[in-house]
Amino acid sequence: MLNAQRNAMVGIGHLAGGAFGANTVAASGFACSPGEDLALTIAPGALLAPGVVDASAYGTLAAVSSALVRQFISRDPVTLAVPAAGATYIVHVSPQTVDTDDTVLPFYNAADPSVTYAGENNSGLSAPTVRRDEAVLGIGAVVPDGAYPLWQVAVPAGATAITADMIAIASGAPFYPSLSAVAPRIVAPFNAQLAAALGGYPLNAVVADPATPGTFWVSTADANVSTPGATGATWQSLFNGYATQAWANGQFLQLAEPESQTVSGPVTFGGDNTHSGTNTFEGKTTVPDITAFTGADALNAETAEGRYIKSIPVSPNKRITDIWENADGRLVFGDGTAAPVVANLADLPFSDPTQKIQAFTAYVQFSNGTASIIFPRAFKPGTVPTVILPSTQEQSNKWSFLGILILSNGTLAITNTGVSIYGVGWGGGSTFANLVENNFIPVIAVGEF
0 MLNAQRNAMV GIGHLAGGAF GANTVAASGF ACSPGEDLAL TIAPGALLAP
50 GVVDASAYGT LAAVSSALVR QFISRDPVTL AVPAAGATYI VHVSPQTVDT
100 DDTVLPFYNA ADPSVTYAGE NNSGLSAPTV RRDEAVLGIG AVVPDGAYPL
150 WQVAVPAGAT AITADMIAIA SGAPFYPSLS AVAPRIVAPF NAQLAAALGG
200 YPLNAVVADP ATPGTFWVST ADANVSTPGA TGATWQSLFN GYATQAWANG
250 QFLQLAEPES QTVSGPVTFG GDNTHSGTNT FEGKTTVPDI TAFTGADALN
300 AETAEGRYIK SIPVSPNKRI TDIWENADGR LVFGDGTAAP VVANLADLPF
350 SDPTQKIQAF TAYVQFSNGT ASIIFPRAFK PGTVPTVILP STQEQSNKWS
400 FLGILILSNG TLAITNTGVS IYGVGWGGGS TFANLVENNF IPVIAVGEF
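In terms of numbering that gives the first Met the number 0, the sequence shown opens at residue 0 and continues consecutively.
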């Protein structure tokens, strides 16, 4: 009896390994939904994970360490309590093999079958009667060793209940789609019987045409049981809107070999504009007396000037025939005999990309004739920008000169974040005490970010 149970498990394990891979972890089911208050409900599910046949003795059968994919099952819905609001948690699953359902088993004395024992050697001890592979669910801030993540639950601070928008598939979750979900996505020939069994191909499923090699169809509807190519079918060509070889053959002259093609017979362009004379293409094909381009929209010298920049400007300007970048990084142009510089940004003033200018108007109120101005954006720490205070007249008419304060060490009161200033008054008095009105002062600061 024990061998029959083990052999069935081995057969299922090898089948799972062939379908998913011998070292693959795959989960199915385990749907997560909000429960009561701060709780989650996890639906039944199964986890495939690599293991061995039996790590310990199975009843009277010895342990077997051969590799085998094991199936761990959660048979019933499980409720998990979320520890608290204001944190993110991971719902995880752990594969566990347990021996359970302990019972005092009946034995008999092999030397005297008429003598019965309660438990092995008449010990009266119970022994497990079931070996079960269980998928044990849990929740926490981290995933324990040997467990696999399934769902991430982000619970805002103050939340009193779980909502669906708080739940998302966790990073690294080993969910695999079912075979029925994958089957219509495989590029295989259209099959009406499969379409009926699936309830129709889904939107954007791709199938090969069963009769025409190289032809593929894309479903334009869900639950699609129509036949590709049939009248009214909800399928379109995979290459719909793309140029095909047949279309190109009908639109363009084909090159029979590089740089040459023989065109037999007369070549006529219908329309109003006549071009006479003999035309030679690449020295290969001569077409005499070609008659004109097409209709009123034909491109001629008059219409071209209205649509495009003239290729030869008015004298003494010259046509640009070449433009390129020199090895030293300069943009140059010319006709092959000279290389005038168009632009060399490295030679322009203020070309250092780290130097930036902040120009703004500060609204300040003097206190005893002094005030502080903060830059809209701090310059690079440790640097001292250059600050310019343009001459201006403030609204109170109480001063005629602005300056930057000088610190006791003889340096200007400028940091990477701001500048301290003072004003010398006039009109209403020259003392600092008079300079307390509100003022609008333009400031220019140049420094490194």
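Where is the CB? At the ideal position from N, CA and C, for every residue including glycine.
A quick note: this is a predicted structure, and the numbers were derived from the prediction, not measured.
query	result
Spatial distance of A42 from Y147 (CA atoms)	16 angstroms
Segment contact, 8 angstroms Cβ cut-off, at least three pairs: the stretch 37-57 with the stretch 106-119	no
C-beta atoms of A45 and I72 nearer than 8 angstroms	yes
Spatial distance of V141 from V152 (CA atoms)	12 angstroms
Burial state of N223, where buried means 16 or more other Cβ atoms lie within 10 Å	buried
Nearest candidate by alpha-carbon position, reference L39, set S27, P315 and I166	I166
T159 beta carbon less than 8 angstroms from that of P33	no
Buried/exposed call for G17, threshold 16 Cβ in 10 Å	exposed
Identity of the residues DSSP links to H13 by a beta bridge	In the DSSP output, where bridge partners are listed per residue, H13 has none listed.
Which of helix, strand or coil DSSP assigns to D164	helix
Rounded straight-line distance, which links the Cα of A361 to that of A444	12 angstroms
Assigned secondary structure, M0 (DSSP; H/G/I helix, E/B strand, else coil)	coil
Euclidean distance between Cα positions of S27 and A21	17 angstroms
At least three beta-carbon pairs within less than 8 angstroms, the stretch 186-203 to the stretch 114-129	no
Coil, strand or helix - E119 by DSSP	helix
With 16 other Cβ atoms within 10 Å as the buried cut-off, status of L388	buried
Alpha carbon of V92 to alpha carbon of A169, nearest angstrom	12 angstroms
Nearest neighbour of G368, chosen from T211, S419 and G171 [CA to CA]	S419
Beta strand (DSSP E) runs contained entirely in the stretch 54-99, provided each spans 3 or more residues	63-73, 77-80 and 86-99
Collapsed DSSP secondary structure at H274 in the structure displayed	The predicted position of H274 is uncertain, since its pLDDT is 46 and thus under 50; a value taken from the coordinates is nonetheless stated next. Here H274 sits in coil by DSSP.
Where the beta strand (DSSP E) through A194 begins and ends	That residue, A194, is in no beta strand (DSSP E); its alpha helix (DSSP H) goes A191 to L197.
Integer Cβ distance of G12 from R69, believed to fall under 8 angstroms	6 angstroms
Close Cβ partners of T99 (< 7 angstroms) along its chain, the five nearest in sequence each way excluded	P127, V129 and R131
Cβ-Cβ separation, G417 to I373 (assumed contact under 8 angstroms), whole Å	4 angstroms
Simplified DSSP assignment, three categories, for N239	coil
Separation of L330 from E324, as counted between CA atoms	5 angstroms
Start-to-end residues for the beta strand (DSSP E) that takes in G137	V129 to G139
Whole-number beta carbon distance between V313 and V386, since they are thought to touch under 8 angstroms	Contact flag wrong, Cβ pair sits at about 49 angstroms.
For I322, the residue or residues it bridges with in DSSP	F332
CB contact flag (V186, V205, <8 angstroms)	yes
A7 versus L37 - alpha carbon distance	41 angstroms
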